[in-house]
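Written below as structure tokens is the structure these notes are about.
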């Protein structure tokens, strides 16, 4: 479980996060949603240590991450897998080398063992046999799936996904969402997905934290989201005509 | 580079020299960078050094019009100029353009495409993994390139002098072997070591802190080359002042 407590973060006097708190349970897909500039990616970066919060704390199963030293953080980071918005695959490496990279760095496994793990991860994301391709040879959806395969290669306890659906067609988005949900349930990871994709919200949002202008406005599940009377949330989730029509049927 | 940037540069270097996560992987990366910096730049350095040596011989011969000055002096001047100044400094400035821009663009692109963030999330010391192999390759391969450059520059002088008739081969050979002070080689290698460090660390710094997109990466690349060249010239003066 990951818990954030009263997180504040500002950049050059501009307050981006204003006291965010929330609990993200393991084995369920936790979503952080909100409009552009609401602070969701900043919150994610504070959680993984790419940004240092001005105040507040981030607890990984009770371990306070924010005051940790560089060496202590490395131990926690070995338990983290992350899928980036642009996949962030290493251009100079093949798919196989990308997935094997954390294994090379942090394990003493033999090449055969590492290759077995790579093949397992690739099979798990339905990309078996694509080992020798370079990132430039992959489609956007395939890159995301390789990104997921790399993120799960070290068997992480915590999985972070930053806008996993951005730039993907609706069908591929659903495949990625379902994959994230399956992996979360299968490996009992604490999964946190930052998104503003409404299909993801309605499809895999076991727990949803809604941010608006740097503040937490609402938390709940996808089953509850259609029955709230919070204007900011309704304006965000049911902005399109299709979603408005769908809401009436709930 | 203002004081804030200089402070950040020093802090980045502190992170670069942290203990590597896995030495084997770093050694592999160092070998790759040595191949790129050393072997990859050999052709360019060879061409430049040979021609500079040849042109130097012709220009020295052109300026030595007095019959009281022996022509062997052409070889001596060419030798000392090549060893002390031309080979280390010209090679370093050329390498700052070739290697410096490549390092800055590579690391800058990794920054804007979140690859550096990905390394950090994995628990890898990104400055160490990305920059240390480049610095080690710079401080080892640039001196080697400079040694090759010295040899080729002096040989180029021999060729230029012989082909043009500005100096006979015998006079030139006598000139380059007369009153040779091996200490000049030490000075040149100290310069090459310092320049190798600048050529790799300054562009790495510029690339590592890029924010934005393609435009900012190209701007950082240009800035890296300019700052590297200025730093090389300043350090050239300082090392010469200290050691000669």
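Chains as they are written, first to last, in this note's numbering: chain A, -7 to 242; chain B, 10 to 253. C-beta atoms are modelled at their ideal positions from N, C-alpha and C, and glycine is treated no differently. Keep in mind it's a predicted model, so treat the numbers as computed, not measured.
Exercise for the section: Compare the beta carbon distance of residue 193 of chain B and residue 89 of chain B with 8 Å and say whether it is the shorter of the two. Expected result: Taking the second chain and counting its residues from 1, the one referred to as residue 193 of chain B is at position 184. Taking the second chain and counting its residues from 1, the one referred to as residue 89 of chain B is at position 80. Taking 8 Å as the Cβ cut-off, residue 193 of chain B and residue 89 of chain B qualify as a contacting pair.
Problem - Sequence-distant residues of its chain with Cβ nearer than 6 Å to residue 133 of chain A (five each side left out) - result: Along the first chain, one-based indexing puts residue 133 of chain A at 141. Closer than 6 Å at the Cβ level, and outside the excluded window around residue 133 of chain A, lie 160, 164.
Problem - Alpha-carbon spacing of residue 99 of chain B relative to residue 57 of chain B, whole angstroms - result: In the second chain, residue 99 of chain B corresponds to position 90, counting from 1. In the second chain, residue 57 of chain B corresponds to position 48, counting from 1. Their backbone Cα atoms lie some 9 Å apart in a straight line.
Practice task
Could you pull the start and end residues of the beta strand (DSSP E) that residue 12 of chain A belongs to?
Solution key: Residue 12 of chain A sits at position 20 when you count from the first residue of the first chain. Counting along the chain, the beta strand (DSSP E) containing residue 12 of chain A begins and ends at 6 to 16.
Exercise for the section: Compute the minimum distance between the beta carbon of residue 123 of chain B and the heavy atoms of the ligand ZN, and state whether it is under 7 Å. Expected result: Ligands in the displayed structure: none, and consequently the ligand ZN is not present.
Exercise for the section: Answer with yes or no whether the minimum CB distance from residue 137 of chain B to chain A is below 8 Å. Expected result: Residue numbering aside, residue 137 of chain B sits at position 128 when the second chain is read from its first letter. No, no contact with chain A.
Exercise for the section: Would you mind stating whether residue 187 of chain A and residue 156 of chain A have Cβ atoms separated by less than 8 Å? Expected result: Position 195 of the first chain, counted from the first residue, corresponds to residue 187 of chain A. Position 164 of the first chain, counted from the first residue, corresponds to residue 156 of chain A. Their beta carbons are under 8 Å apart, which means residue 187 of chain A touches residue 156 of chain A by this criterion.
Problem - Interface residues of chain C facing residue 122 of chain B [CB-CB closer than 7 Å] - result: The question asks about chain C, but that chain is absent: this structure's protein chains are A and B.
Practice task
Mind listing the chain B neighbours of residue 74 of chain A? Cutoff is C-beta to C-beta under 9 Å, in chain order.
Solution key: Stepping through the first chain from its first residue, residue 74 of chain A is reached at position 82. What residue 74 of chain A touches in chain B: 126, 127, 130, 131.
Practice task
Using a Cβ-Cβ cut-off of 8 Å, state whether residue 70 of chain A counts as contacting chain B.
Solution key: Indexing the first chain from 1 puts residue 70 of chain A at position 78. Look at residue 70 of chain A: its C-beta is under 8 Å from a C-beta on chain B.
Handout entry: Within the segment 170 to 203 of chain B, ranges of the alpha helix (DSSP H) (whole runs, at least 4 residues)
Key = 178 to 186
Exercise for the section: In angstroms with no decimal places, state the Cα-to-Cα distance between residue 157 of chain B and residue 54 of chain B. Expected result: Your numbering for residue 157 of chain B matches position 148 in the second chain. Your numbering for residue 54 of chain B matches position 45 in the second chain. Spanning the two alpha carbons is a distance of roughly 8 Å.
Problem - Continuous alpha helix (DSSP H) stretch holding residue 36 of chain B: start and end - result: Position 27 of the second chain holds residue 36 of chain B. Looking at the DSSP string, the run of the alpha helix (DSSP H) that includes residue 36 of chain B is 32 to 43.
Practice task
Just tell me which of A:115, A:86, A:10 has its CA closest to the CA of residue 129 of chain A.
Solution key: Residue 129 of chain A sits at position 137 when you count from the first residue of the first chain. Cα-wise, what sits closest to residue 129 of chain A is A:86.
Handout entry: Start and end residues, alpha helix (DSSP H) containing residue 240 of chain B
Key = Position 231 of the second chain, counted from the start, is the residue given in the question as residue 240 of chain B. From DSSP, the alpha helix (DSSP H) with residue 240 of chain B extends over 223 to 252.
Handout entry: Within chain B, partners of residue 96 of chain A - CB distance below 8 Å
Key = Here residue 96 of chain A is taken as the residue at index 104 of the first chain, counted from 1. Under the 8 Å cutoff, chain B gives 31, 34.
Handout entry: Distance between residue 212 of chain B and residue 211 of chain A (C-alpha atoms, nearest Å)
Key = Residue mapping note: residue 211 of chain A aligns to position 219 of the first chain, counting from 1. Residue mapping note: residue 212 of chain B aligns to position 203 of the second chain, counting from 1. Going from the Cα of residue 211 of chain A to the Cα of residue 212 of chain B covers about 46 Å.
Handout entry: Proximal chain B residues relative to residue 42 of chain A, where beta-carbon distance stays under 7 Å
Key = Along the first chain, read from residue 1 onward, the residue named residue 42 of chain A stands at position 50. Near residue 42 of chain A (Cβ distances below 7 Å), the residues of chain B are 126, 129.
Practice task
Verify whether the separation of the beta carbon atoms of residue 106 of chain B and residue 196 of chain B is less than 8 Å.
Solution key: Locating residue 106 of chain B in the second chain gives position 97, counting from the first residue. Locating residue 196 of chain B in the second chain gives position 187, counting from the first residue. Result no, Cβ atoms of residue 106 of chain B and residue 196 of chain B do not sit closer than 8 Å.
Exercise for the section: Evaluate residue 219 of chain A with the Cβ neighbour count: other Cβ atoms within 10 Å of its Cβ, from every protein chain shown; 16 or more gives buried, anything less gives exposed. Expected result: Taking the first residue of the first chain as position 1, residue 219 of chain A is located at position 227. Looking at its Cβ environment, which holds fewer than 16 other Cβ atoms inside 10 Å, residue 219 of chain A is exposed.
Exercise for the section: Taking only the alpha-carbon atoms, compute the straight-line gap between residue 149 of chain B and residue 180 of chain B and give it to the nearest angstrom. Expected result: If you number the second chain from 1, residue 149 of chain B lands on position 140. If you number the second chain from 1, residue 180 of chain B lands on position 171. Each residue's alpha carbon lies about 35 Å from the other.
Problem - is_contact[residue 172 of chain A, chain B] using C-beta, thresh 8 Å - result: One-based indexing of the first chain puts residue 172 of chain A at position 180. So, not an interface residue.
Problem - Buried/exposed call for residue 72 of chain B, threshold 16 Cβ in 10 Å - result: Sequence index remark: in the second chain, residue 72 of chain B carries index 63 (1-based). With fewer than 16 Cβ atoms within 10 Å of its Cβ, residue 72 of chain B is classed as exposed.
Problem - Sequence-distant residues of the same chain with beta carbon closer than 7 Å to residue 137 of chain B, five excluded per side - result: What you label residue 137 of chain B is simply residue 128 of the second chain in a count that begins at 1. Cβ within range, chain order: 24, 25, 27, 29.
Problem - Partners in chain B for residue 140 of chain A, counting only beta-carbon separations shorter than 8 Å - result: For this step, residue 140 of chain A is matched to residue 148 along the first chain. Going along chain B, no residue has its Cβ under 8 Å from residue 140 of chain A, so there is no contact; the nearest lies around 13 Å.
Exercise for the section: Determine the extent of the beta strand (DSSP E) in which residue 136 of chain A is found, giving its start and end residues. Expected result: As a working note, residue 136 of chain A is residue 144 in the first chain. Here residue 136 of chain A belongs to no beta strand (DSSP E); instead the alpha helix (DSSP H) covers 132 to 144.
Problem - Paired residues, beta bridge with residue 55 of chain A - DSSP - result: Along the first chain, one-based indexing puts residue 55 of chain A at 63. Paired residues: A:52.
Practice task
Say whether chain B places a C-beta atom closer than 8 Å to the C-beta of residue 258 of chain A.
Solution key: There is simply no residue 258 of chain A to check, as chain A begins at -7 and stops at 242 in what is shown.
Exercise for the section: Less than 8 Å between the CB atoms is what I'm expecting for residue 80 of chain A and residue 113 of chain A, so what's the real figure, rounded? Expected result: Taking the first residue of the first chain as 1, we reach residue 80 of chain A at position 88. Taking the first residue of the first chain as 1, we reach residue 113 of chain A at position 121. Contact doesn't hold; Cβ gap of about 16 Å is too wide.
Practice task
Could you name the residues of the same chain whose beta carbon sits closer than 6 Å to that of residue 140 of chain B, not counting the 5 residues immediately before and after it, in chain order?
Solution key: Within the second chain, residue 140 of chain B is the residue found at index 131, counting from 1. Within the same chain, Cβ atoms closer than 6 Å to the Cβ of residue 140 of chain B are found at 25, 213, the five residues on either side in sequence being excluded.
Practice task
Can you grab the Cα-Cα spacing for the pair residue 189 of chain B / residue 243 of chain B, in whole Å?
Solution key: As a first step, residue 189 of chain B is located in the second chain; it is residue number 180 there, counting from the start. As a first step, residue 243 of chain B is located in the second chain; it is residue number 234 there, counting from the start. If you take the alpha carbons of residue 189 of chain B and residue 243 of chain B, they lie about 27 Å apart.
Handout entry: Opening and closing residue of the alpha helix (DSSP H) in which residue 22 of chain A lies
Key = As a working note, residue 22 of chain A is residue 30 in the first chain. From DSSP, residue 22 of chain A is part of no alpha helix (DSSP H) but of the beta strand (DSSP E) over 21 to 26.
Problem - Cβ contact check for the segment 30 to 46 of chain A and the segment -4 to 16 of chain A: 3 or more pairs under 8 Å - result: yes
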